Amino acid sequence: MNPEHTSRKTNLSATTTPIWMDPPPPFKADGGPLQRCDLAIVGAGITGVSLAWWLRQSGLKVILIDRRHPCAGASGRNAGFLTVGSVAHFGRVAREDGLEHAIVLRQWIAQSLGDLKDTLQTIGAQCALRACRAHSLARTPQGWQNLQNAAESMRQANLPVAQTAVDALAPLQGFLGAMTVPNEGALDPAQAVAALLQDCADTLTLRRAAVTAITPHHGAHRLHTTAGPILAERVALTVNGFGPELRPWLQARIIPRRGQAMATAPIDAHLPDLCYGTEDWAYLRQRPDKRIVIGGCRLTDPQNEVGTTDALNNTVQTAIETFLRRHLPAAAHTPITHRWSGPLGYTADDRPLVGALPDHPGLHFAGGYSGHGMAWSFIAARWLARQLTHSQPPPDLINLQRLA
Ligand SMILES: Cc1cc2nc3c(=O)[nH]c(=O)nc-3n(C[C@H](O)[C@H](O)[C@H](O)COP(=O)(O)OP(=O)(O)OC[C@H]3O[C@@H](n4cnc5c(N)ncnc54)[C@H](O)[C@@H]3O)c2cc1C
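Following this line, the structure appears as structure tokens:
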């Protein structure tokens, strides 16, 4: 097969409806029949829309293409955590990547979140954005020890973290302790992306089409799509977990995995903060309408939670529900109203991949957020925008050239 010309079967189906898309936000309708552009952005999740937003004053003629609709991927299917990551996550990164890298990565995520929150506020986004704390919870002595060790690494790095007493965790039950960080947030992810898109809508054309292949064309690129060809000077792939379907180079570097989540009917209890059940890889929070959104537990069936197909996994869904009923007694009998899955893109070192693809000049990628894309994507898109407009490469630590 010619690596410059891949034509892979694209999965167009979606079978589950996340709570954020019930009903979907009012996305801008498709634009006119523009077939040529300076930049084609493939994928209208938070990364693609953020990239278009950062480029809104660049003067570039931009086409934003999605095979379904904005937020059809993980951006409309997540939990809406605006988080720099759990305390346990920091401990893992510090152990595996070194304390210095863990600190730099956390600073970048924090900057990304700050910029995203400021931008959403400035443009008046109606996306239930709010500030809160995040508790990392342990239910076993070993888990609690691990959390204490991770918190100690954070203190060494002068990062804020405090222990929260068990009785202050109500309405949660069944934990030995929690490590808590301030300055986190939550939002409705689909409404946030819709607001960003609305704010730059006049500077782009939105097309509904599946890109099936990208081939060189007289120094530019021909995008083969289900709605006809598009010629683009440059291309930004912002398809995250779907990347390997479009570029062979990404096949060994982006690992597509599936995540599961659910939402309940409103409960009669107040859960103000983000919560991580660290041993179960579970996460939960409450929406302003008092519904609980909860997800995770993918390690209960990792061998089947691969790929980008939208499908419920009964083992994982049962594990999530069991965690919910056990640790949040106020939801012990509350109906589950929504169950959904979403596509994730992981990397071997859990760091994002951002920059110019080495296998085809003019092609770029941003993704591989390893589960933290609502946090990483805004700064990743900003770095990519700088590369496109000023040929300024992203920092080495997340630049995809590290895997070339
Ligand atoms: C269940 C779950 C919970 C999560 N919770 C959180 C959380 O709370 N906080 C957090 O920070 N992160 C969370 N994440 C991760 C986060 O949602 C993602 O990292 C982030 O949304 C990725 O955004 P993206 O725009 O890069 O990709 P996506 O949102 O996946 O967008 C990719 C887009 O590309 C389109 N596309 C794909 N292939 C093609 C093609 N060939 N042609 C045209 N279009 C194409 C798709 O239709 C899709 O719209 C969660 C993920 C899941 C699945």
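Following the working numbering, the numbering of the sequence shown begins with 1 at its first residue and continues without gaps.
Cβ atoms here follow ideal geometry from the backbone N, Cα and C, with glycine treated the same way.
Nothing here was measured: the structure is a model prediction, and the numbers come from that model.
Start and end residues, beta strand (DSSP E) containing residue i
i      : result
Leu120 : It is not in any beta strand (DSSP E) - Leu120 instead sits in the alpha helix (DSSP H) that spans Leu99 to Thr122.
Arg210 : The residue you asked about is not Arg; residue 210 is Ala in the sequence shown. Per DSSP, Ala210 belongs to no beta strand (DSSP E) and is neither H nor E.
Ser377 : Segment Gly373 to His390 is the alpha helix (DSSP H) holding Ser377; no beta strand (DSSP E) there.
Asp66  : Val62 to Asp66
Asp199 : Element bounds for Asp199: not the beta strand (DSSP E) but the alpha helix (DSSP H), Pro189 to Cys200.
Asn78  : Taken as a continuous stretch (DSSP letters only), Asn78 belongs to no beta strand (DSSP E), as it is neither H nor E.
Gln286 : Ala282 to Gln286
Gln173 : Careful: Gln173 lies outside any beta strand (DSSP E) and carries neither H nor E.
Phe27  : Here Phe27 belongs to no beta strand (DSSP E), and DSSP marks it neither H nor E.
Leu407 : As shown, the chain starts at 1 and ends at 404. That puts residue 407 outside it, with no answer to give.
Ala311 : From DSSP, Ala311 is part of no beta strand (DSSP E); its letter is neither H nor E.
Ser341 : Ile336 to Tyr346
Ile41  : Arg36 to Val42
Ala356 : Leu353 to Ala356
Leu363 : Leu363 to Gly367
Gln163 : Ala162 to Thr164
Leu223 : Ala220 to Thr225
Ile398 : Counting along the chain, Ile398 falls outside any beta strand (DSSP E), and DSSP gives it neither H nor E.
Gly295 : Ile292 to Gly296
Bounding residues of the alpha helix (DSSP H) (the contiguous stretch that carries residue i)
i      : result
Met21  : Looking at the DSSP string, Met21 is not in any alpha helix (DSSP H), and its letter there is neither H nor E.
Glu152 : Pro141 to Gln156
Ile53  : Per the sequence presented here, residue 53 reads as Trp, with Ile not at that position. Where Trp53 is concerned, the enclosing alpha helix (DSSP H) stretches over Ile46 to Trp54.
Ile320 : Asn314 to His327
Contact test: residue i Cβ vs ligand 1 heavy atom, cutoff 8 Å
i      : result
Trp376 : yes
Ala385 : no
Val181 : no
Pro288 : no
Val104 : no
Thr15  : no
Val239 : yes
Gln111 : no
His364 : no
Thr83  : yes
Gly124 : no
Val87  : no
His372 : yes
Cys71  : yes
Trp340 : yes
Arg77  : yes
Gly259 : yes
Asp97  : no
Asp349 : no
Asp66  : yes
Thr212 : yes
Tyr276 : no
Glu245 : yes
Closest Cα partner of residue i within the set the options
i      : options                           : result
Gly98  : Ile46, Ser153 and Ala79           : Ser153
Ala165 : Trp144, Asn158 and Gln156         : Trp144
Ala380 : Pro24, Ser50, Cys127 and Glu100   : Ser50
Leu196 : Gln260, Ala232, Arg56 and Asn146  : Arg56
Ser341 : Ala232, Val306 and Pro393         : Val306
Gln148 : Thr140, Cys132, Met179 and Asp167 : Met179
Arg285 : Cys71, Ala227 and Ala134          : Ala134
Pro329 : Leu271, Leu353 and Asp359         : Leu271
Gln303 : Leu159, Gly80, Gly259 and Gln392  : Gly259
Thr308 : Val161, Leu113, Lys290 and Arg77  : Arg77
Ala151 : Lys117, Gly80 and Val93           : Val93
Leu113 : Ala348, Asp199 and Pro189         : Pro189
Leu363 : Ala213, Gly45, Pro395 and Leu116  : Ala213
Ala186 : His390, Asp301, Ala375 and Ala404 : Ala375
Arg291 : Gly73, Asn314, Leu82 and Ala331   : Ala331
Leu394 : Trp383, Glu245 and Pro160         : In the sequence under discussion, the amino acid at residue 394 is Pro, which differs from the Leu named in the question. Ranking Trp383, Glu245 and Pro160 by Cα distance to Pro394 puts Trp383 first.
Cys37  : Arg326, Gln401 and Arg234         : Arg234
Gly345 : Lys28, Gly73 and Leu39            : Gly73
Asp199 : Ala348, His327 and Gln121         : Gln121
Lys28  : Leu39, Gln35 and Ala44            : Ala44
Thr389 : Gln401, Ser377, Ala356 and Met21  : Ala356
Trp108 : Ile336, His372 and Trp20          : His372
Residue i at chain C interface by Cβ criterion, 9 Å
i      : result
Leu120 : This model lacks chain C altogether; it includes just one protein chain.
Do the region 316 to 325 and the region 296 to 306 make contact, defined as three or more Cβ pairs closer than 8 Å?
-> Counting Cβ pairs under 8 Å, three or more are found: they touch.
What alpha helix (DSSP H) runs, 4 residues minimum, are completely inside the region 233 to 274?
-> Taken in chain order, the unbroken stretches of alpha helix (DSSP H) that lie wholly in the region 233 to 274 and span 4 residues or more are 243 to 246 and 248 to 251.
Can you find at least 3 beta carbon pairs, one from the region 260 to 280 and one from the region 362 to 371, that sit closer than 8 Å?
-> At 8 Å Cβ cutoff, the stretches do not touch.
On the three-pair Cβ rule with 8 Å, is the region 199 to 211 touching the region 60 to 72?
-> Short answer: they touch.
Check whether the region 254 to 268 touches the region 233 to 246, taking contact to mean three or more Cβ pairs, one atom from each stretch, closer than 8 Å.
-> Under the three-pair Cβ rule at 8 Å, the region 254 to 268 counts as touching the region 233 to 246.
At least 3 beta-carbon pairs within less than 8 Å: the region 218 to 235 vs the region 165 to 173 = Not touching, per the Cβ criterion.
The region 258 to 266 contacting the region 114 to 133, beta-carbon criterion three pairs below 8 Å | Fewer than three beta-carbon pairs drawn from the region 258 to 266 and the region 114 to 133 are found closer than 8 Å, and the two stretches are therefore not classed as touching.
Contact between the region 330 to 349 and the region 13 to 24 (3+ Cβ pairs under 8 Å) = Touching, yes.
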